[in-house]
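>
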Amino acid sequence: MLREMTLGQYYPGNSILHRLDPRVKLLGTLVYMVAVFLAEDVTGYALGAAFLAAMIICSRIPLGFMLKGLKPVLVILIFSVVFNLFLTDGEVLVSVWKITITREGIWRAAFMAMRLICLILGAALMTYTTTPNQLTDGIEKGLGFLSYIRIPVHEIAMMMSIALRFIPILNEELDKIMKAQMARGADFESGSFLRRAKALVPLLIPLFVSAFRRASDLANAMEARCYHGGRGRTRMHPLRYAGRDIAAYLIIAAFLAGMILLKIYAPLAYLSA
602 MLREMTLGQY YPGNSILHRL DPRVKLLGTL VYMVAVFLAE DVTGYALGAA FLAAMIICSR
662 IPLGFMLKGL KPVLVILIFS VVFNLFLTDG EVLVSVWKIT ITREGIWRAA FMAMRLICLI
722 LGAALMTYTT TPNQLTDGIE KGLGFLSYIR IPVHEIAMMM SIALRFIPIL NEELDKIMKA
782 QMARGADFES GSFLRRAKAL VPLLIPLFVS AFRRASDLAN AMEARCYHGG RGRTRMHPLR
842 YAGRDIAAYL IIAAFLAGMI LLKIYAPLAY LSA
């Protein structure tokens, strides 16, 4: 499952989302996450899901690749759904021994699953369509005003970029370690879920050692090149807003306004969570 993680990776393409300014995508992702938490009924979640589906279509990223990013968090998703399904008070529909399923529990579990899926896919879509360098420039340029109050914006952006860049590298390293262990007789595929999870424990130590070694090599390389932060740094491709970026801002504002109106009027409040 860990080897199939796609979160944090960049999916090469030339779609309208790929060409957008990274500041637009950062703000749009933040607004989308806030808007998803504003949803309280079926119409709110339907609008949020429809907006996300439209963005995925515009990105031209295969749906299978997008859904593949849900596999690493599938356990958390199932736990959240089960927790809300069986521990929500309300109108009892099914009661067997100490297990009780209520009408409100079903709706809350469904809404919780939809919320988590939208949040994960929404955040993943930004990383799929934005390179780490673009993400660093977008954070540094968009939050540059915070440097006036001595917040190290460039360093924060650089750390986030390095963290995202290390995800596929560590996935490749994990794949090499697993193949080496399997060649020596290790079994990671058969048995119960707990047994397979226990079999992964011996992989953590070599993986952490490799991660620390790569981090040390990167630090030495940056120091050898006299890296001193972003002050005075030039860029090959300076960020400039285009017409499509202004249009994207307007679409984001319209979506947020629609979610706020649905929250205020709640046309299907009787189906709320």
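Residue numbers (this note's numbering): 602 to 874. Even glycine gets a Cβ: it sits at the ideal position worked out from N, Cα and C. Nothing here was measured: the structure is a model prediction, and the numbers come from that model.
1) Give me the DSSP bridge partner(s) of Thr703.
2) Count the CB pairs spanning the segment 732-751 and the segment 646-656 that are closer than 8 Å, and state whether there are at least three.
3) Based on Cα-Cα distance, which residue from Ile700, Val695, Leu668 and Val682 lies nearest to Met713?
4) In this structure, does DSSP put Glu790 in helix, strand or coil?
5) Does the Cβ of Glu774 have 16 or more other Cβ atoms within 10 Å, making it buried, or fewer, making it exposed?
6) Just how far apart, CA to CA, sit Pro613 and Arg797?
7) Check each candidate in Ser660, Arg716 and Pro663 and name the one with the smallest Cα separation from Asn685.
8) My guess is that Met919 and Leu736 are in contact by the Cβ rule of under 8 Å, so how many angstroms apart are they, rounded?
9) Tell me the rounded alpha-carbon separation between Arg841 and Tyr866.
10) Could you tell me the boundaries of the alpha helix (DSSP H) in which Arg624 lies?
11) Between the segment 673-681 and the segment 694-701, do three or more beta carbon pairs fall short of 8 Å?
12) Where does Met602 fall in DSSP's three states?
13) Do Tyr729 and Phe666 come within 9 Å of each other at the CB atom, strictly closer than that value?
14) Run the CB neighbour count on Cys719, radius 10 Å, all protein chains shown included, and call it buried at 16 or more, exposed below.
15) Could you check the C-alpha separation between Gly890 and Phe809 for me, to the nearest Å?
16) Of the choices Asp776, Val635, Ile617 and His619, whose alpha-carbon is the least far from that of Ala854?
17) Within 10 angstroms of the Cβ of Gly745, are there 16 or more other Cβ atoms? Answer buried if so, exposed if not.
18) On the CB-based measure, 16 or more other CB atoms within 10 Å of its CB, does Tyr646 come out buried or exposed?
19) Thinking C-alpha only, which one of Ser660, Glu641 and Leu621 is nearest Arg709?
20) Using the rule of at least 16 other Cβ atoms within 10 Å of the residue's Cβ for burial, across every protein chain shown, is Phe813 buried or exposed?
21) Span of the alpha helix (DSSP H) holding Cys659?
Once the coordinates are examined:
1) Val693
2) no
3) Val682
4) coil
5) buried
6) 33 Å
7) Arg716
8) Since the first residue shown for the chain is 602 and the last is 874, residue 919 is missing from the structure and cannot be characterised.
9) 38 Å
10) Pro623 to Leu639
11) no
12) Confidence is the limiting factor: at Met602 the pLDDT is only 48, short of 50, which leaves the residue's position unreliable and the question unanswerable from this model.
13) yes
14) buried
15) This structure does not reach residue 890, given that the chain is present from 602 up to 874, and the question cannot be answered.
16) Val635
17) Note on Gly745: under 16 other CB atoms within 10 angstroms of its CB, so exposed under the neighbour-count rule.
18) buried
19) Glu641
20) exposed
21) Val643 to Ser660
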